[in-house]
Each structure stands twice: as C-alpha cells, then as structure tokens.
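Trainee: These protein sequences, in sequence, are chains A and B.
If you're matching positions, the first sequence starts at 1 in UniProt numbering and goes up one per residue.
If you're matching positions, the second sequence starts at 1 in UniProt numbering and goes up one per residue.
Sharing a structure, written as structure tokens. Questions coming.
Number of protein chains: 2
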Amino acid sequence: MTRFSVWSPDARKVAVALLEPGPRRVQPLTAAEDGWWTAEIPGAAHGTDYGFLLDDRDDVLPDPRSSWQPRGVHAPGRVYDHSRFRWSDASWRGRPLPGSVLYELHVGTFTPEGTLDAAAARLGHLVDLGVDAVELMPVAAFSGERGWGYDGVCLWAVHEPYGGPDALKRFVDTAHARGIAVVLDVVHNHLGPSGNHLKEFGPYVTDAYATPWGDAINFDQAGSDGVRAFVVENALMWLRDFHVDGLRLDAVHALRDQRAVHILEELSVAVDALAARLGRGTFLVAESDLNDPRVIAPREAGGHGLTAQWDDDVHHALHALLTGERQGYYTDFGSTRTLAKALTSAFVHDGSYSAFRGRRHGRPVDRARTPAHRFVVSLQNHDQVGNRAAGDRLSGGGPGERGLPLERLKIGAAFLLLGPFTPMLFMGEEWGASTPWCYFTDHREPWLARAVTEGRRREFAAHGWQGEVPDPQAVDTFRRSVLDWAEPAAGQGRHRALLDWYRALIALRRAHPEFTDPDLTRVHVETGDTWTIMRRGRFRVAANLGEDVLDLGPADLLLTSGKAGPDRMVSVWGTGVAVVADGGVREPT
Amino acid sequence: MTRFSVWSPDARKVAVALLEPGPRRVQPLTAAEDGWWTAEIPGAAHGTDYGFLLDDRDDVLPDPRSSWQPRGVHAPGRVYDHSRFRWSDASWRGRPLPGSVLYELHVGTFTPEGTLDAAAARLGHLVDLGVDAVELMPVAAFSGERGWGYDGVCLWAVHEPYGGPDALKRFVDTAHARGIAVVLDVVHNHLGPSGNHLKEFGPYVTDAYATPWGDAINFDQAGSDGVRAFVVENALMWLRDFHVDGLRLDAVHALRDQRAVHILEELSVAVDALAARLGRGTFLVAESDLNDPRVIAPREAGGHGLTAQWDDDVHHALHALLTGERQGYYTDFGSTRTLAKALTSAFVHDGSYSAFRGRRHGRPVDRARTPAHRFVVSLQNHDQVGNRAAGDRLSGGGPGERGLPLERLKIGAAFLLLGPFTPMLFMGEEWGASTPWCYFTDHREPWLARAVTEGRRREFAAHGWQGEVPDPQAVDTFRRSVLDWAEPAAGQGRHRALLDWYRALIALRRAHPEFTDPDLTRVHVETGDTWTIMRRGRFRVAANLGEDVLDLGPADLLLTSGKAGPDRMVSVWGTGVAVVADGGVREPT
Numbered sequence: 001m002t003r004f005s006v007w008s009p010d011a012r013k014v015a016v017a018l019l020e021p022g023p024r025r026v027q028p029l030t031a032a033e034d035g036w037w038t039a040e041i042p043g044a045a046h047g048t049d050y051g052f053l054l055d056d057r058d059d060v061l062p063d064p065r066s067s068w069q070p071r072g073v074h075a076p077g078r079v080y081d082h083s084r085f086r087w088s089d090a091s092w093r094g095r096p097l098p099g100s101v102l103y104e105l106h107v108g109t110f111t112p113e114g115t116l117d118a119a120a121a122r123l124g125h126l127v128d129l130g131v132d133a134v135e136l137m138p139v140a141a142f143s144g145e146r147g148w149g150y151d152g153v154c155l156w157a158v159h160e161p162y163g164g165p166d167a168l169k170r171f172v173d174t175a176h177a178r179g180i181a182v183v184l185d186v187v188h189n190h191l192g193p194s195g196n197h198l199k200e201f202g203p204y205v206t207d208a209y210a211t212p213w214g215d216a217i218n219f220d221q222a223g224s225d226g227v228r229a230f231v232v233e234n235a236l237m238w239l240r241d242f243h244v245d246g247l248r249l250d251a252v253h254a255l256r257d258q259r260a261v262h263i264l265e266e267l268s269v270a271v272d273a274l275a276a277r278l279g280r281g282t283f284l285v286a287e288s289d290l291n292d293p294r295v296i297a298p299r300e301a302g303g304h305g306l307t308a309q310w311d312d313d314v315h316h317a318l319h320a321l322l323t324g325e326r327q328g329y330y331t332d333f334g335s336t337r338t339l340a341k342a343l344t345s346a347f348v349h350d351g352s353y354s355a356f357r358g359r360r361h362g363r364p365v366d367r368a369r370t371p372a373h374r375f376v377v378s379l380q381n382h383d384q385v386g387n388r389a390a391g392d393r394l395s396g397g398g399p400g401e402r403g404l405p406l407e408r409l410k411i412g413a414a415f416l417l418l419g420p421f422t423p424m425l426f427m428g429e430e431w432g433a434s435t436p437w438c439y440f441t442d443h444r445e446p447w448l449a450r451a452v453t454e455g456r457r458r459e460f461a462a463h464g465w466q467g468e469v470p471d472p473q474a475v476d477t478f479r480r481s482v483l484d485w486a487e488p489a490a491g492q493g494r495h496r497a498l499l500d501w502y503r504a505l506i507a508l509r510r511a512h513p514e515f516t517d518p519d520l521t522r523v524h525v526e527t528g529d530t531w532t533i534m535r536r537g538r539f540r541v542a543a544n545l546g547e548d549v550l551d552l553g554p555a556d557l558l559l560t561s562g563k564a565g566p567d568r569m570v571s572v573w574g575t576g577v578a579v580v581a582d583g584g585v586r587e588p589t
Numbered sequence: 001m002t003r004f005s006v007w008s009p010d011a012r013k014v015a016v017a018l019l020e021p022g023p024r025r026v027q028p029l030t031a032a033e034d035g036w037w038t039a040e041i042p043g044a045a046h047g048t049d050y051g052f053l054l055d056d057r058d059d060v061l062p063d064p065r066s067s068w069q070p071r072g073v074h075a076p077g078r079v080y081d082h083s084r085f086r087w088s089d090a091s092w093r094g095r096p097l098p099g100s101v102l103y104e105l106h107v108g109t110f111t112p113e114g115t116l117d118a119a120a121a122r123l124g125h126l127v128d129l130g131v132d133a134v135e136l137m138p139v140a141a142f143s144g145e146r147g148w149g150y151d152g153v154c155l156w157a158v159h160e161p162y163g164g165p166d167a168l169k170r171f172v173d174t175a176h177a178r179g180i181a182v183v184l185d186v187v188h189n190h191l192g193p194s195g196n197h198l199k200e201f202g203p204y205v206t207d208a209y210a211t212p213w214g215d216a217i218n219f220d221q222a223g224s225d226g227v228r229a230f231v232v233e234n235a236l237m238w239l240r241d242f243h244v245d246g247l248r249l250d251a252v253h254a255l256r257d258q259r260a261v262h263i264l265e266e267l268s269v270a271v272d273a274l275a276a277r278l279g280r281g282t283f284l285v286a287e288s289d290l291n292d293p294r295v296i297a298p299r300e301a302g303g304h305g306l307t308a309q310w311d312d313d314v315h316h317a318l319h320a321l322l323t324g325e326r327q328g329y330y331t332d333f334g335s336t337r338t339l340a341k342a343l344t345s346a347f348v349h350d351g352s353y354s355a356f357r358g359r360r361h362g363r364p365v366d367r368a369r370t371p372a373h374r375f376v377v378s379l380q381n382h383d384q385v386g387n388r389a390a391g392d393r394l395s396g397g398g399p400g401e402r403g404l405p406l407e408r409l410k411i412g413a414a415f416l417l418l419g420p421f422t423p424m425l426f427m428g429e430e431w432g433a434s435t436p437w438c439y440f441t442d443h444r445e446p447w448l449a450r451a452v453t454e455g456r457r458r459e460f461a462a463h464g465w466q467g468e469v470p471d472p473q474a475v476d477t478f479r480r481s482v483l484d485w486a487e488p489a490a491g492q493g494r495h496r497a498l499l500d501w502y503r504a505l506i507a508l509r510r511a512h513p514e515f516t517d518p519d520l521t522r523v524h525v526e527t528g529d530t531w532t533i534m535r536r537g538r539f540r541v542a543a544n545l546g547e548d549v550l551d552l553g554p555a556d557l558l559l560t561s562g563k564a565g566p567d568r569m570v571s572v573w574g575t576g577v578a579v580v581a582d583g584g585v586r587e588p589t
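This is the structure in structure tokens:
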C-alpha cells in the first residue's frame, strides 16, 4: 500500500501509472484540497516504478516530488520509502556553523568514481585536515550524467549517477560518524532547461521575471502558494529525511519575490521550527550578491533570518591582491586597503561605487551586532574557479597556467583561515591541486548542447580571452576536472607543503579562540602598499607581498610561510606570511 | 547670467541652445563630474527659452529638469528663477498628518476653468468642510492638455494648462494662508508614453522590469545612481521650491529596486533631512498594493520609513459592503466581518488568501506599535471612481447609474471620518456629486490615441461589462467629469444633506480626540450580518445595513443619519448610522 499525492491545481483529472515490477496499472487519484490529488494504492511499494498521467495525456510524467529517478529525469520514477534506511547517527546533534571550517565538494569530480560512496571513503582526508562540514554541490537529479548540478529538475531526487537516495544517506551517516556535518547546495531560483515537467503540473514558473539560467520560479504570482510550499517542504525534506545539517541556497538574489513575507523568511521560519522539533542544529546559508545585511539580519529586526551568507567581496579582495588580476568584477578590488576593508567590514561594497556594476552597491554591515561567522568566505570555490575560461585554480591547472607561487597561496590561506569569517575550502585547494575544474555539461538535446558550447566560447571571446575555452560538452573537460589523489598522497613537494600549511592553519584556528572571535569590531588591520597585518587578539597575521623586509618587532613566531627573521625579532623577508603571538613578549625572558 | 547643467553620462558633447527672446545662440557645456555637463551663460535669464543639443543631433531637447514648459512637453522649455516668487507663508510650519483630513482633487476637473488659480479660489469650501490638507493629483507636465497626470514626462515642470509653476506657488501660498497643507502626487515609477526624452540623456529607464503604464525607471541597474539622484532631488524640489508639505508617491510597488538600500528608504532619509533644514514638517505617503508594513515601518526597524501609505483594503471593505459589488478585487470583501477586520487591523489581507490574486497576500500590521494615522483610507478616490467603466461615483454619475441611497453614503462617511485612519475625500464626494469622474486622455499621436480608446473598451468587455465605456480621448468625457458647483451651493436636497453630514462628521472628529486616537488596539468592532458597531473610546458608531431595528441601549445621541429611536434608548430604525456617547450614561440622570 502506498499513498500517492501530487499538486496539480489546474488538472481536470490525474492518475498514477504503476509500472514495473508487475503489469502496468493505471489508478485514478481523487481531488483533495488546494489542488492536491491523492490515492492509497494497494500493491505499490518501495521499488515500484510509477509516474503520473495528467488529464487525457498518455505520457507518464515523473512525480514532481519523486525521491528516486533511477532511469534519469526523463523517465518515470520509483517509489522510495524513507523509513527503510538504518541510520547510525542517533547521537548526532549537529555542528554549529560558528567556528566551523567548510569544504565544498562536487561529487562527480571529487573522486575518480564520482559517487557519494567513493566520496564517503575520502572523508578521512577531511578529518585529518580539520574540516567541520562538507558542502556538497547540488545532488538533485538533472538531465545527463555529468554536470555541476545547477540544472536540476527533479528537486526531491538524488542524482542516480551519484548513487541515488540511499547513497546520500550513507554519505551523511558516515560523515556524522566522523564528526563532520553536511551542507547541501539547493537551487530554488530556477529549473534546468531540460526535463522540467513541473510546469505541466502547476504554475511553478513565471514569465514575470527572468533568470540567466532558465525559467524563474513563481514565488509571488497567482498560484504561488503551492509553489512556495513545494520549495519550503523540499528544504525541510533534505534536513529531515536525509539528516542534512544545513542548506546552501543558490543565488538568492534570483528568488524574485515581492510579497510582504519573502520566501527566504518563510524558509527560515520553517527550518527553525524543524530544528526545534528534531532537537538538532540546522542552518541556512545564502548565496547572495546583494550585499544586503537583511538576508542574515534576525527576523525580529526585519531581516530574513538566515544563519549566514556567502561574501564574495572577501574572495575578490584576496584574489585580486594575490593575482594582480583586474578584469571583470576584480576591477573594484586589488589593494591592501580593499583587503583590510573586507576583513574588518565584511562588505567592501557597502554603499560604495562599484565600477563593475556602474552604480553604488550594498549597505554597511552593523559590525557591532553582526557576528562575523555569518559570512562564508573562500579563497576559491566552484564558481570562482569553474567560471574562469580555462577552469584554472590559483594553484594552476588551466592549459599553460602555472598558478601562483606557493608563498602567495599560503598568504591567501592564512587570511582565509585565521580571519574572522566562516572559511570554506574548495576541494583540492588544500594541496594546490594541479587539475583544473572546468565548466562541464552533458546535455542530450543537440540544440542545447550546441548553445552551451558556443555560448561559452562567445562569452569569453567577448571579454577578450585569447586562450582555449574547453568545450563543456566534451567528456574530457569533465575528466580533466577530477581530482588526482596521488597529489596529496605524495610525501613531499609543493602539494605536500601546501597541505601541511592548511592543516597547520586549521589547527592554529582551532587551538586559539581569538581566531574564531565573531566580533568584527575586534578585527584590526594595518596596511602598507605591499603588506597587510591583521590583528586577532594577541595574534598577528602579517603578509608581505613585496620584496622588502617586513619587520614585526619582537614576538613569538608561531607559523611562517617562508623565510622569517631571527626569532623574538620577527621579520618577513620578501613575499610570505608569518603568524606571531605578542602575548608573552612584553615579559622579559 | 544663468547656470545650465544637465546629466548625460554617455554624451560625447552637450550644448545649450538659447532661443527667444533674442537671436538663437548655441553654447557648449563643459563636462563635469559624474556625467554632468555645465556652463554659466551670460544673457540668459528667467524667461529665456532654451533646450539642449546632444552630440551631433540638431533637435533641441527639453531639459530633463526643466521647471517651465510653456509650449508643452515636446517643445523647448523656459528658464525659471525660483527666487522671484514672493511667498507670504513665512510663518507656516506645516501641518502634521496625524489627525488630518485629506481631500484629493484633480486640477483640471475641480473647477470649470481647470486651473490652479481657479482651484485656489475654491479653497474656502474646503476650509468650511474642515479639510486639513489638499492632495493634488499629479501636476507634472504631460503630453496633451487633458489627463489624469500619470503620464508625466517633464517631472520638474508644472503642467502649463494648469497655470505653470507660478500658479502652483500661488495655490500653495493661498492654501497655507487658509491653514491648509498641500500634498502633491508624484509619479516616479514610470514615464508617460509620449514626450519622454529622458532616455536620450541617460539610463533613466530599464527593460529589466516592466510596468503596465510605460517604461520602468532604472533604480538598480547600471547608471542608476544618477537616476536615483534625479528622483530624490525631484521630490526635494517640490517640498523646498514649491513649499509643498507632503508627497503622495504613486504605485510604489512598481518602483522595482533590488538594491540593499531601497529608493523609498533613500527618499525618506532625504526628505527627513530637508524637513530638519527647513524647520517645517514634511511627509511622504506611498500608494502601495503590497500590504507590506515595511513601507511605513521606521528605518531603524528595517522599514522604508515613510510617514503613511494608502490602504485600499479599507476602501474595498466599505465599498463591497455598501454596494454589494463582488466583481474583481471586491470578491475578497463584502461582509461586516471583513469591515471589522479592516477597521481594527488596517489590512484585511495580512497573509490571508486573496482569491483575486490567487495566492496569500500581505502581512499583519503590528497593531500595538503602528499608529493608525499611517494608513490613508478613502471611501472614494480617483482610482476607485475613475477606473470604473463609466466613472460613476458611489453617489451615481455614470450613465444610467443612480448611485447608493443617501443613508448608505452616510454610513460609509461615518466609518471613514470617525474611524482610526487618516481619511481622504475625493473632490465632490462630500456633496454626492452627480457628475461622473471618467478616465480621460488627450494623446496626440494617432496610434496612442487609438490604443487607449480601444484598450479601455476591450478591457471592460473582457470583464463582462455590457454598458457604455466613455471614450477617454473624447473631449466630452473630460467635460462631463468637471464638478458642478451649483450642487453644493443648493440650499437643500440630497447634495446639501450629504454635505452637512460630512461637515458634522469632521467637526465631531475634531471635537473629540477619541476619534483620532492612533492606537489600533483600542478600536473595537462588533458585527452582526447586517450591522456593525465601532467603538472609539466612549463613542460608538453604529451602522444598520438591514431592515430591522438596531438597538444600542441607553446613550447620548450625537448624530444620526436617519430615523433613530427615542433619546436615551437609542435604536437605528432600518438602514442608517448613529453616533452615540456612552460617557455620562452610567450616571443616573
């Protein structure tokens, strides 16, 4: 006996088609309240393939809330019983975001196997590194085998090539057993261009707004109550049924919603209520390019009440300073003073003019009242690497790209991991992976495949890029993006040196509460044209980006990336970074 | 000597063309900061006709900030020196919105002359009525002679057929002399379809958003800083240079702005600062259909900080109850209970389902903390009358429309004027004008004229309207909308009876502070299917919409619209409304 239900407010009739195993059967559903159709069907159970028939159409459509699409998003789904999985994480109470180090990974390229089970087998590496939470790029089912995951269309199902729903549960269960929380990237602002049957069921999308990526979700037009419920319940489902600890909400600036209660507020209310019910911590992290503190402000203060938001300004400040790049949005960044503003104020654009946008942008963060951990920052992430023409990392990896010198990578890591915000690493960053991480797709419709291949080539040509643009549709573009685990396993060399550096920084961060102090008013940064010193309590993180010697005076040297001066009188000799403690210095020794 | 300046960030060169009087002269402007062009030109002064030349074009364009367009919006403008006017209102310190009664008027149809001077001559009527502030429908210059004013394109100029800028100053000065404040309706969400040269000067409009009425103003795309400055400074200009007391901001839901600082907040900051500088009260009133308390919430609480907003739910609750109409948005209104909710909670749609919108709508007002005067409410207004197919008022006026019985009009007026909100009358409402107030236009482009005539006919046909739809372009449609001042002058009859009723209600409202008590938690409403009793302190406003007798028990009868029972034991016999005081009742007499 299985209860089937589906929301289809404009349908005149709805039936469920039961497929294998057993003979094909069609059973009508009964209209219930608010556009729902429902029926209890004997003989259907976990493993029964099924789909829905709308009105007089004879094509079987996948359930918009299907948990399992073993044959892809274009085929019927399979009944999935969440209660069958045997969890072993009963004692898990969540891991709070404050103080955590996040690690973003893409299941398909984290391991050669490209599965959740293979990823779970690598969690020891993250434990050794000191990671607190892994952030999975989207796992919702999308058309094709390979992809970043932002083209999802079956938003309740786990992409089958990753292992399907059971594999995600095994991954989360294993992570929890190892003390690691799991954050899942979910996309609620648009639907992928292929395999979207939602709009046949109801007013899921709207043409009142446009997104660059596909149909915009309908949050404020007629019929949007059911769509909002779909989104909110989808969020709750991952947290409840898959034991996920937090969600990363993709591109919330594209959640176009003019209602008096914004969908983000509705989401945060629902997630907080679920957390109370489950008795474990959950959190929501927004990707936002609005530089609007309202996203993370408490609901009582007129905010949306999310736990945290991505803060790209910190990335741009670090990236432009370390690389010297000034193209695109880096045009507004690059100086040590910009980095200082990012580290102390979270937003560089806090109402200031953005040349990239051709207008003022953002609003100041209330430094005295906004805990710094509400900003998730990175030195690299899937966007900042993968949206480069060649998919090259700071450590290299693109065709002909040698990457930054080791000392510069170490400087970036030091500000990332000892700065006030919630740091997030991008898989492989910690050892300076030499593999690129490219934009790859696997569209099956020839028109779409061509549009993506040519569109990407055109886009970078328009920006003056002269080099190669890997074809997103080519299998090789995907394969080259897979991490090479021989690199961190090597006993010495550049990869090992960087990995040791990341481990040491994370250990330092964990050892001293000054580094996770959330009070932005206690972050002090001094700069010169070629140096930056960030003070965190009795510690100083001092980066020299020039050729000259940077004198730090007497201090205890905790960590240095390169050549430092004789102990007690610390200097950084040329490009490099040193972490020093001033605590005991004033006492005579 | 006149200083000319214009913002045109993308122009390669800009010149000013000086026209009559004197020979035509062209003088180049010099590029200054932020896209501005400027020059001091000798020989030009108040009265000199001029326009701008962009790049190598030879058509003379009106100044986007022209104050005076004596030959219409398609022609060059005239230099206007604000300092020449001799104001006599030096002692005027403004009139605060709390407690005020507003009166909306359209200059073109308020008097047969259709001018500001003629309107000023009628202010005595408003003083006698007890009005505190007159709200002028838009006076910014638009294409053609006749129109509602929402198609403005020269947003700094006063429509010449109304008398031009000096006439507006005379109107405001006269109003202030009579103790009446002036609110001006300004349109910052779109530009009219004809005569819009702004977009030739800079990125004033955007296609990122659409409005139903014309090009959307660019508040958040590239180049929008200059556009926002244009809008903010336009608002300040009316308040400062024309001594206007408040602005009514048209359709703020169409001010599409995703920036972290919304244009409404930027406006309210600037207007508050100006008020402090001027030493007199100013206020901003939004027309908003969002039912979002954020519009009027203080900025410190995450709101936009406007003084007040229109609240159409109160109108709809009254209109649907009194008329029995249920078409369009009235479908969600009509019961006495809906009226009770409107009177006690401001928003009927405070998150509840709106059948008209096909979704939940709005958010609750914090009754304990939001003063009721922040909601401007009406029984009739230009939209609610003029956007009816026949432009008929509650009192009649449409072809074949007899209007509501006098007792029902009086019931509506009693809830409007003795209720907790800021009441606004629509010109002529107070005497139950028998003239309609239609939608009228005067487009000169044949395609536009045809589109408006046919569009309006189609619109109402689509909604099942069988009657006549007056042609907006016909002069007669405009002429029939002009008030007939013989009506209120009549010594008796329906018009006189209603006018006396309105005067008596306003006098009562002014005599007893209970009626302007802004605390929504102290408004109590009891209802039956056919009656509604609103308690305001020791007063009761009791409306009987049925045939039966409504007993109010012992009370002092202050005012009754119809047949009431014997004094001390008050009853309302059939349809009618009574205002009673319970104060002294409990003491034996």
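By construction, the Cβ of each residue, glycine as well, lies at the ideal position given by its N, Cα and C atoms.
Computed from a predicted model, the values in this text were never measured in an experiment.
With hydrogens ignored, establish whether the beta-carbon of A:G391 is closer than 8 Å to any heavy atom of the ligand ZN.
Mentor: What this structure holds is no ligand at all, so the ligand ZN is not there to describe.
Trainee: Which residues does DSSP pair with A:W573 in a beta bridge?
Mentor: Partner(s): A:V549.
Trainee: Among A:L425, A:R540, A:R326, which one has its Cα closest to the Cα of A:R503?
Mentor: That would be A:L425, whose Cα lies nearest to the Cα of A:R503.
Trainee: Would you mind reading off the limits of the beta strand (DSSP E) that contains B:E521?
Mentor: According to the sequence as given, residue 521 of chain B is Thr; it is not Glu. B:T521 -> no beta strand (DSSP E), and no H or E assigned at all.
Trainee: Extract the residue ranges of the alpha helix (DSSP H) inside the stretch 148-183 of chain A, only unbroken runs of 4 or more that lie entirely within it.
Mentor: The stretch 148-183 of chain A contains these whole alpha helix (DSSP H) runs: 164-177.
Trainee: Here's a check: name, in chain order, each residue in its chain whose Cβ is nearer than 7 Å to the Cβ of A:T589, leaving out the five neighbours to either side.
Mentor: Confidence at A:T589 is low in this model, with a pLDDT of 40, below 50, so its placement is unreliable and the value that follows should be read with caution. If we look at A:T589 and ignore the five residues flanking it on each side, it has no Cβ neighbours.
Trainee: Classify B:W87 as buried or exposed, calling it buried when 16 or more other Cβ atoms lie within 10 Å of its own Cβ.
Mentor: B:W87 comes out exposed.
Trainee: Which value, in whole angstroms, describes the spacing of the CA atoms of A:E587 and A:G565?
Mentor: Its pLDDT being 41, under 50, A:E587 is placed unreliably by the model, and nothing is read from it.
Trainee: Report the rounded CA-to-CA distance for A:V232 versus A:L239, giving the unit in angstroms.
Mentor: Taking the straight line from one Cα to the other gives about 11 Å.
Trainee: If contact means a Cβ-Cβ distance below 9 Å, which residues of the stretch 240-266 of chain A contact chain B?
Mentor: Against chain B - using a Cβ distance shorter than 9 Å - the residues of the stretch 240-266 of chain A are H253, R256, Q258, R259, A260, V261.
Trainee: Can you check whether the CB of A:L184 is closer than 9 Å to the CB of A:V139?
Mentor: Their beta carbons are under 9 Å apart, which means A:V139 touches A:L184 by this criterion.
Trainee: Using the three-state DSSP reduction, which class does A:L306 fall into: helix, strand or coil?
Mentor: Coil.
Trainee: Over what stretch of residues does the beta strand (DSSP E) that includes A:L105 continue unbroken?
Mentor: Here the beta strand (DSSP E) through A:L105 covers 102-105.
Trainee: Mark A:V579 as exposed unless 16 or more other C-beta atoms lie within 10 angstroms of its C-beta, in which case mark it buried.
Mentor: Buried.
Trainee: Counting only runs that start and end within the stretch 397-475 of chain A, where is the alpha helix (DSSP H) found for 4 or more residues in a row?
Mentor: Within the stretch 397-475 of chain A, the complete alpha helix (DSSP H) runs of at least 4 residues are 406-418, 446-462.
Trainee: Locate the alpha helix (DSSP H) running through A:I506, then write down its first and last residues.
Mentor: Start and end: 494-511.
Trainee: By a C-beta neighbour count over all protein chains shown, 10 Å radius and 16 as the cutoff for buried, is B:D207 buried or exposed?
Mentor: Burial call: exposed.
Trainee: Would you call the stretch 456-475 of chain A in contact with the stretch 384-391 of chain A, where contact means no fewer than 3 C-beta pairs closer than 8 Å?
Mentor: Yes: at least three Cβ pairs fall under 8 Å.
Trainee: Could you name the residues of chain B that A:L290 contacts, counting a contact when the two beta carbons are closer than 7 Å?
Mentor: Ordered by position in chain B, the residues that pass the 7 Å Cβ test against A:L290 are Q258, A260.
Trainee: Can you give me the C-alpha to C-alpha distance between B:V585 and B:L558, rounded to a whole angstrom?
Mentor: Low local confidence applies: a pLDDT of 41 at B:V585 is under 50, so the model's placement there is unreliable, with the coordinate-based value given in what follows. If you take the alpha carbons of B:V585 and B:L558, they lie about 13 Å apart.
Trainee: Can you tell me which of the three DSSP states A:D217 falls into?
Mentor: Note on identity: in this sequence residue 217 of chain A is Ile, with Asp being the wrong assignment. Here A:I217 sits in strand by DSSP.
Trainee: In whole angstroms, what separates the C-alpha of A:F142 from that of A:L318?
Mentor: Cα to Cα, A:F142 sits roughly 33 Å from A:L318.
Trainee: Got a sec: which bits of the stretch 351-383 of chain A sit with their beta carbon under 8 Å from any beta carbon on chain B, in order along the chain?
Mentor: From the stretch 351-383 of chain A, only G351, Y353, R357, G358, R359, R360, H361, G362, R363 have a Cβ closer than 8 Å to chain B.
Trainee: Go ahead and label B:E33 buried or exposed: buried means 16 or more other beta carbons lie within 10 angstroms of its beta carbon, across all protein chains shown.
Mentor: Looking at its Cβ environment, which holds fewer than 16 other Cβ atoms inside 10 Å, B:E33 is exposed.
Trainee: Using CA atoms only, rank isn't needed, just tell me which of B:A346, B:A301, B:L379, B:A355 is closest to B:H315.
Mentor: The candidate whose alpha carbon is nearest that of B:H315 is B:L379.
Trainee: Sorted by chain position, which residues of the same chain lie with C-beta nearer than 8 Å to B:S571's C-beta, five sequence neighbours on each side aside?
Mentor: Hits under 8 Å: V549, L550, D551, L552, A564, G565.
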